[in-house]
Each structure stands twice: as C-alpha cells, then as structure tokens.
Amino acid sequence: MQWYSAALIQAKVLVLHKTLVEENVTFCLLSETKLSCAKVSSFTIAGYQHHGVSYPSKGGGVSIIVREDLPVEVGLTVVASIEHAHATIHMSEGLALTVTSAYFPPGRTYTTSQLDTLLTTSGPHLIGADANAHAMAWDRAISTDTLGGVLVQWCLDNDYVIFITLEIALTHTTRHGPSAPDATISRECPLESWTASFSPDSGHYIILFEVAVGDDNEPLRFPRPRAPIYAWKKTKCSRSRQMSNAQCNKCLKEKMGVHKRERLPIYAWKKAKWSRFREMTNTQCNKRLKEKISIRKRERLLTSAIRIATAAAVPRGG
C-alpha cells in the first residue's frame, strides 16, 4: 500500500489503521506524514511496526509501516533534497524485498546523482515516490518538467518499471485536479492488481497492489494472515457454562412477559456435545470467513457460525 497522507493527524491514523486491517496490508509506504521527531519515535499502529523520518522545516516526512510478524532490517533514513526511508523485509527461502518511501519537495531541481541515493540494493526494490513531477510518458496533457525528464531517464537507466493492472508502463501516476502525481516504481518485483482510490482525507490516492518476489514462473508472495479461527480444543467449557447460566438467570426475571421469555433460547449446557460444537464451529468459520471481508462482516459471520454450532450441538432444556 502507498499513501500520500498530507499530515498524519489522529483522524487519518484511524483511517490508515482501518485500511491496513480490512485490506490485510503487508506494508505501507507513507509520504507527507508531518510527524515531529518526538512523534516519529512514539508513533505506533496495532499489529504493525513503524520506521520513519521526521519532517524538516520545508519537507514532508516519510514512513514505512510493516506487519509486525515479518522480520525487517531497517536501512537508511535520509533528510536531504530527497527525503527517503528504506527497509528490507525478509521472506522465506532466503528472499528479501527492499522498500523505499521517498518524497520530492516541489519547486526544486534534481539530478541523476541525487536520485542515485535511492539505490540501496541490487535486488528486488520497490519505491513509493511522491514525485511532484510531470512527464509526457504518463500525462501528455501536461508538458514535461525538469524532474519529470530526469526521473524518466533514471528509470530507463536503472531498469525500473511500473506494473498497473497486469500491464507494464514506464511509470504511472494518478492525479486529482491540479495535484502532482504519485508513482510506484519497482525493479525485479512485479506488481499486480494495482489500484488507486481517491482519498478525501488527503486529496491524493490510496494505492493498493500485490507484489511478487522470486522466480517469474513461480513468484513467492508475501503471506497474508489467515482469518482468526478460535482454538476450540482449548475452550474452558466450565467457564462457558457458568457465563451462559449467569446470562440466562439475569435475563429470565419474574416480571418478564411470557411471550418474551419464550423467545429466549434456553439450552441444557451440561448435556452439550462439545466435540460436535467444535466441529460445527470450525466448519462454519472456514466456510464463511474469507480473506477480503470487512471487520464488521467478519464479526457477523462469526456470530452466526456460533449460533449454528450451538443449535446443532447443545440440546434445548429447562
């Protein structure tokens, strides 16, 4: 994932966390975070590790967020003409992907030697660049500026390309109105399912993509976390019965109407077939919980799975 956040205030942190969780994002490249030195060191997102650069007086600040269960080797963090942060994510079978978040402050001129500071590895490399540049290669409606021409030539010289919806282009940008483009630049790591959706929170786009590393014939992808499945074999059945009985006793008051009481399900928990309950719950969870569903929908499906398993395994009783 890549996002020009335009100042990472608390409201945007919530939007970011929601997107990371719902899309099962492995890593995210952020630019224009506007985080101070103190905030960079204390910034946290549940389930993810953060590496970033605070913004200088005329800069924007960049960050890299990686899933906490992946081994990461933190690289250079540079605050210069081009602000950039690097991190290498280690995968299985000895493969690794180096990711870079880079911000090009507008209104400046850049040379290929300055762009060469982004070259920190000879292997697979992915750069999320807030380029602030224009070139005829990606937008014929706007004439090429100095940075656009330099960036195009640099990509050609160093074999960097952009993959967009399974098609190859030199670079690709997405603009909204007069805003400057954001580019995803890759080498030796093809991008698939590249999509950009406009973010009203920043005025730019949230860019999502799949990245593959390894043999082109059998690319090794970053594993996505599975939907959470409860460890039913470790269930504390006595605690479950105790809580269920307590809730039933709480609900069934003397002054409750007969019709309302009849609608409340009463189960004989001591006669429950817990092996059947575990079997049904696991079956329903595996059947219903897909990878790309929202948290709310996942909670509803999980609740439904528990109801189905309860009806199948626990007999009705007084």
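In the UniProt record's numbering, the protein residues as written are 1 to 318. Even for Gly, the Cβ is constructed at its ideal location relative to N, Cα and C. Keep in mind that this is a model prediction, so the values were computed, not measured.
{"Check": "Beta carbon of Ile127 nearer than 7 Å to that of Ile207", "Outcome": "no"}
{"Check": "Boundaries (first-last residue) of the beta strand (DSSP E) holding Ala129", "Outcome": "His125 to Asp130"}
{"Check": "Arg300, buried or exposed, once every other Cβ within 10 Å from all chains shown has been counted against 16", "Outcome": "exposed"}
{"Check": "Selection from Leu302, Lys271 and Lys297 that minimises the alpha carbon distance to Met280", "Outcome": "Leu302"}
{"Check": "Cβ pair Ala183, Ala135 closer than 7 Å", "Outcome": "no"}
{"Check": "Reference Tyr4, options Thr111, Lys34 and Asn24, closest by Cα", "Outcome": "Lys34"}
{"Check": "Strand pairing of Glu210, partner residues [DSSP]", "Outcome": "Glu192"}
{"Check": "Distance between beta carbons of Glu83 and Gly60, contact taken as under 8 Å", "Outcome": "7 Å"}
{"Check": "Backbone CA spacing between Ala272 and Glu22 [nearest angstrom]", "Outcome": "35 Å"}
{"Check": "Burial state of Phe198 (16 or more Cβ within 10 Å)", "Outcome": "exposed"}
{"Check": "Classification of Ile9 by the beta-carbon crowding that lies within 10 angstroms, buried from 16 upward", "Outcome": "exposed"}
{"Check": "Cut-off 8 Å between Cβ atoms - residues of its own chain near Thr109, not counting five sequence neighbours on either side", "Outcome": "Thr146 and Leu147"}
{"Check": "Closest by C-alpha distance to Thr88, when choosing among Val74, Val78 and Ser101", "Outcome": "Val74"}
{"Check": "Every unbroken alpha helix (DSSP H) within the segment 37-67, with a cutoff of 4 residues, ordered by chain", "Outcome": "37-42"}
{"Check": "Nearest-angstrom Cα separation, counted from Glu188 out to Cys285", "Outcome": "37 Å"}
{"Check": "Proximity test, Phe104 beta-carbon vs the ligand NAD heavy atom, cut-off 6 Å", "Outcome": "Absent from the structure shown: the ligand NAD. Ligands present: none."}
{"Check": "Neighbour-count burial assignment, Pro178, 16 or more Cβ in a 10 Å radius", "Outcome": "The pLDDT assigned to Pro178 is 40, lower than 50, so where the model puts this residue is not dependable, and the model offers no usable value."}
{"Check": "Cross-strand partners of Cys28 (DSSP beta bridge)", "Outcome": "Ile65"}
{"Check": "Residue environment, Gly52, which counts as buried when at least 16 other CB atoms sit within 10 Å", "Outcome": "buried"}
{"Check": "Residue environment, Arg276, which counts as buried when at least 16 other CB atoms sit within 10 Å", "Outcome": "exposed"}
{"Check": "Residues bridged to Leu97 [DSSP beta-bridge criterion]", "Outcome": "Ile89"}
{"Check": "Reduced DSSP secondary structure (H/G/I, E/B, other) of Ser197", "Outcome": "strand"}
{"Check": "Residue 321 classed as buried or exposed, judged by whether at least 16 other C-beta atoms fall within 10 angstroms", "Outcome": "Nothing in the structure corresponds to residue 321, since the chain is present only between 1 and 318."}
{"Check": "Candidates Val99, Ser42 and Ser81: closest to Thr111 by CA position", "Outcome": "Ser81"}
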